[in-house]
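Colleague: In the UniProt record's numbering, the protein residues as written are 1 to 302.
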Amino acid sequence: MTETLKVGTRGSELARTQAGTIRDALIAAGRAAELEIVTTPGDVNHSPVERIGVGVFTERLREALVNGECDVAVHSNKDLPTAPDERVFGVTPTRADPREALVARDGLTLETLPKGAKVGTSAPRRVGQLAALRPDLEIRPLRGNIDTRMGKVDSGELDAVILAYAGLTRVGRGDRATEVLDPRRFVPAPAQGALAVECRSDDEDTKELLRGLVDEGDAARVRAERAVLARLEAGCTAPVGALAVADPAGLRLRAVVAATDGSTRLVEELTGPPERAAEIGVALAEKLLDAGAAGIMAPAGD
């Protein structure tokens, strides 16, 4: 058994904050733990994520884990590829607020942004939903950490940016949100707000420790959302949103596929028991495919 568990994380403020909550939980469970910073290709390549590939932020962390550079790896769950990786064992702790947040000048909301306002985001899912809801907006590409993105609003370069509310709140900047968007209208990324905590699949001691971090309800909801992506054969950069919430039936899953030009927006919803979370996600994806989702997700020119 390792004396002090090394918790692998990217070096950004948000990543370190997220991983710090897991480090503290492991310490509370009786194990010494410390952060181990791992630089990923996504940290040094500033091209749009959809160009540099799905898993760009997670694969290097997994390699560090498997190679023994760290004992635990903490990811933003939404960044993980949907294909299983037999080298690792993972759990989903309690999820933060999954909704999207608008950070705009002068306290503006999505409804009150003036015609032609410049809104920053590079996520195809956000671009498509924005274009469908507000086709008059000018959508600009955006990369960088939270402060860099919000700084473009502060400087006047942009009128607003869209960020994950969970990220804002985790780094103590939730009050910068001028609107937290209704997820029934603006569907977040599958697994947004959730962490994935992994260890090596043959590390039985650490696996048992991680099992104590699981939030069963949130884990089921995340499984449903990620099953939508898996069945659509889409990655974290696809124009797909999905959110599962608690329901009298156990779980209600809503998903959207939106063309990035705003021309088409498919929305479907299903409910069912949480123990069938993955099946619900697959069934919902089938409904989206029947409605033409594959054509919407296909890159231009295909």
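Just so you know, even glycine gets a beta-carbon here, dropped at the ideal spot from N, CA and C. Quantities reported herein were computed from a predicted structural model and do not represent experimental measurements.
(1) Count the other CB atoms, across all protein chains shown, that sit within 10 Å of the CB of Gly-295; report buried if there are 16 or more and exposed otherwise.
(2) With a threshold of 16 other CB atoms inside 10 Å of the CB of Glu-179, please say whether the residue is buried or exposed.
(3) Alpha carbon to alpha carbon, what distance is there between Ala-15 and Thr-39?
(4) Using 8 Å for Cβ pairs, my map puts Ala-242 next to Ala-255. What's the rounded Cβ distance?
(5) Is the CB-CB distance between Ala-194 and Val-228 below 8 Å?
(6) Should Glu-268 go down as buried or exposed, given a rule of 16 or more other Cβ atoms within 10 Å for buried?
(7) Would you mind giving the Cβ-Cβ distance between Arg-140 and Ala-189, rounded to the nearest angstrom? I have them listed as a contact below 8 Å.
(8) I think Ile-146 touches Arg-173, with their Cβ atoms under 8 Å apart; what is that distance to the nearest whole Å?
(9) Determine the burial state of Asn-67: buried for a count of at least 16 other Cβ atoms within 10 Å of its Cβ, exposed for fewer.
(10) Between the C-alpha atoms of Gly-120 and Glu-204, what's the straight-line distance to the nearest angstrom?
(11) Going along the chain, which unbroken runs of the alpha helix (DSSP H) with 4 or more residues stay wholly within the stretch 230–300?
(12) Are three or more beta carbon pairs between the stretch 76–92 and the stretch 153–160 nearer than 8 Å?
(13) Please confirm whether Ala-73 and Glu-198 have their CB atoms less than 8 Å apart.
(14) Could you tell me which residues DSSP pairs with Cys-199 in its beta bridges?
Modeller: In brief:
(1) exposed
(2) buried
(3) 11 Å
(4) 4 Å
(5) no
(6) buried
(7) Not a contact, Cβ separation roughly 19 Å.
(8) 7 Å
(9) exposed
(10) 44 Å
(11) 277–290 and 293–297
(12) no
(13) yes
(14) Phe-89
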